[in-house]
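Residue numbers (my numbering), protein chains in the order written: chain X, 40 to 262; chain F, 40 to 262. C-beta: ideal position from N, C-alpha, C; glycine also.
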């Protein structure tokens, strides 16, 4: 059993690509999608880095972990690099996702518009509340907890999001792991323990505020 | 005007402390609180790092940016280091926070238990829906948007969270900036522009899933 895997920008993934590089891939992907939406077919490492606050060298170094993507005199072809990054991240194909808990947070996740266009499809929701079972939220069916195993396997769901109260998070994590789920995003503000084969990311919303507080305080001191 | 400030683990804050170090401070803080709750009054850089996947050298190096905290033969005194980190982050005092939008995400944030014990107090919520105004959600009053300026100033609110649909996020950011808000956490999946004096962190929930997908795919390839 391992402890909750938190974000760790310095540690290496199995393939020896630093996690910070993988997390920047997500940012490059967003930026490339943005550039493409703005009608530009190509971009450069300078341009890509500028909006994100990275140097062009950083962008090139990060991408070099995975191959050679730029063209001399042209730069990066947006569509091509988008597809390449999605292939690296594994999001060039559809990932059905399960959400456990249909309280406010669960409902917010069910309605979140940012998942669909990045390759994630919420396939099923689960709740202990029998009143909610059978309902459809955002057109996604809500099942009862004892159907979790069957529904996860039938829909080949590999990722799960935990949006239940802290007190129920460990039980839910165990059920997801038992159902063969390979990755969990835990939104409950509690540390949970899972089998080593399951990957977990804990989202602690207070950390965002904390980092913001530091930025605000430091800015005030410097002006 | 600057673009949305995204998480950038490599760039430096104004005080030349790498952002990655500041983000690890939040993780050390959580871990210290955990160790203390478990009944231990002291801990070591090895122990602190182990659960987070960092080396002891990393932990010591990070903390050394801010001072000398360990005692020979004892290690770190948890309570003392917790207070020191909160002082560094600026969360040793109370931060009143405003939430704009009381849909599912706004309600989830209003009910989120993880803010209170890290120094953040949701002081006010705002919504365009007049039916919700005057209501209290999780005992927090809901105001109409045209009261934002007054309420923010009267309550000395410095941080705001945007939990409105993407289409309304920019207008809300402008209103928050005009009201003197110094930091914004934007949950809307859209890039927004704010005056340079306002700090912003954009939370893109799909990024967590993407990073998880990468971890899952890479693990599968290695087994």
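Per-residue contacts from residue i into chain F (C-beta, under 8 Å)
| i | result |
| --- | --- |
| residue 228 of chain X | 151, 152, 153 |
| residue 255 of chain X | 129, 197, 198, 221, 222, 238 |
| residue 258 of chain X | 53, 221, 236, 238 |
Interface flag, residue i vs chain F, CB-CB below 9 Å
| i | result |
| --- | --- |
| residue 42 of chain X | Because the pLDDT of residue 42 of chain X is 38, which lies under 50, any placement of that residue in the model is unreliable, and the number read from its coordinates should be weighed accordingly. Taking Cβ atoms only, chain F reaches closer than 9 Å to residue 42 of chain X, which makes this a yes. |
| residue 73 of chain X | yes |
| residue 61 of chain X | yes |
| residue 322 of chain X | A query on residue 322 of chain X cannot be resolved here, the shown segment of chain X reaching from 40 to 262 and no further. |
| residue 157 of chain X | yes |
| residue 175 of chain X | no |
| residue 170 of chain X | no |
As assigned by DSSP and simplified to three states, the class of residue i
| i | result |
| --- | --- |
| residue 127 of chain F | helix |
| residue 209 of chain X | helix |
| residue 91 of chain X | coil |
| residue 6 of chain X | Since the first residue of chain X shown is 40 and the last is 262, residue 6 of chain X is not available in this structure. |
| residue 45 of chain X | Residue confidence for residue 45 of chain X is low, a pLDDT of 42 falling below 50, so the modelled location carries little weight and cannot support an answer. |
| residue 151 of chain F | coil |
| residue 183 of chain F | strand |
| residue 52 of chain X | Confidence in residue 52 of chain X is poor, its pLDDT being 45 and thus under 50, which makes the residue's placement unreliable; the coordinate value appears in the next sentence. DSSP places residue 52 of chain X in coil when its eight states are reduced to three. |
| residue 166 of chain F | strand |
| residue 253 of chain F | helix |
| residue 161 of chain X | strand |
| residue 225 of chain X | strand |
| residue 199 of chain F | strand |
| residue 96 of chain X | helix |
| residue 85 of chain F | helix |
| residue 63 of chain X | helix |
| residue 145 of chain F | helix |
| residue 121 of chain F | helix |
| residue 57 of chain X | strand |
| residue 231 of chain F | coil |
| residue 218 of chain X | coil |
| residue 242 of chain X | coil |
| residue 74 of chain F | helix |
| residue 40 of chain F | Any reading at residue 40 of chain F is ruled out, since the residue's pLDDT is 34, under 50, leaving its predicted position unreliable. |
| residue 192 of chain X | helix |
| residue 175 of chain X | strand |
| residue 116 of chain F | strand |
Residue-chain proximity (residue i, chain X), Cβ-Cβ < 9 Å
| i | result |
| --- | --- |
| residue 143 of chain F | yes |
| residue 178 of chain F | no |
| residue 68 of chain F | yes |
| residue 58 of chain F | yes |
| residue 205 of chain F | yes |
| residue 45 of chain F | Reliability of the predicted coordinates at residue 45 of chain F is poor, the pLDDT of 42 falling under 50, and no value is obtained from them. |
Contact set between residue i and chain F, taken where Cβ atoms lie within less than 7 Å
| i | result |
| --- | --- |
| residue 65 of chain X | 246, 249, 250 |
| residue 242 of chain X | 247 |
Proximal residues of chain X, C-beta to C-beta of residue i below 8 Å
| i | result |
| --- | --- |
| residue 77 of chain F | Those within 8 Å of residue 77 of chain F in chain X number zero; the least Cβ separation is about 11 Å. |
Partners in chain F for residue i, counting only beta-carbon separations shorter than 9 Å
| i | result |
| --- | --- |
| residue 136 of chain X | 248 |
Contact set between residue i and chain X, taken where Cβ atoms lie within less than 9 Å
| i | result |
| --- | --- |
| residue 146 of chain F | 142, 143, 144, 146, 147 |
Check your understanding: Are three or more beta carbon pairs between the segment 207 to 219 of chain X and the segment 175 to 193 of chain X nearer than 8 Å?
Key -> Judged by Cβ distances under 8 Å, the segment 207 to 219 of chain X makes contact with the segment 175 to 193 of chain X, as three or more pairs qualify.
Check your understanding: Is there contact here, the segment 117 to 126 of chain X with the segment 107 to 122 of chain F, by at least three beta-carbon pairs under 8 Å?
Key -> Taking a contact to require three or more Cβ pairs closer than 8 Å, the segment 117 to 126 of chain X and the segment 107 to 122 of chain F do not qualify as touching.
Review point. Is the segment 126 to 140 of chain X touching the segment 149 to 169 of chain X in the sense that three or more CB pairs, one from each, lie closer than 8 Å?
Key: Yes: at least three Cβ pairs fall under 8 Å.
Exercise for review: Give a yes or no on contact between the segment 65 to 80 of chain F and the segment 91 to 108 of chain F, applying the rule of three or more CB pairs nearer than 8 Å.
Suggested key: Yes: at least three Cβ pairs fall under 8 Å.
Check your understanding: Is there contact here, the segment 221 to 229 of chain F with the segment 199 to 207 of chain F, by at least three beta-carbon pairs under 8 Å?
Key -> With a cut-off of 8 Å, the segment 199 to 207 of chain F and the segment 221 to 229 of chain F count as touching, because enough Cβ pairs lie within range.
Review point. Looking at C-beta atoms only, is the number of pairs between the segment 235 to 254 of chain F and the segment 165 to 181 of chain F that lie closer than 8 Å three or more?
Key: The segment 235 to 254 of chain F vs the segment 165 to 181 of chain F: no contact.
Review point. Per the contact definition of three or more C-beta pairs closer than 8 Å, is the segment 127 to 134 of chain X in contact with the segment 241 to 258 of chain F?
Key: A contact exists between the segment 241 to 258 of chain F and the segment 127 to 134 of chain X.
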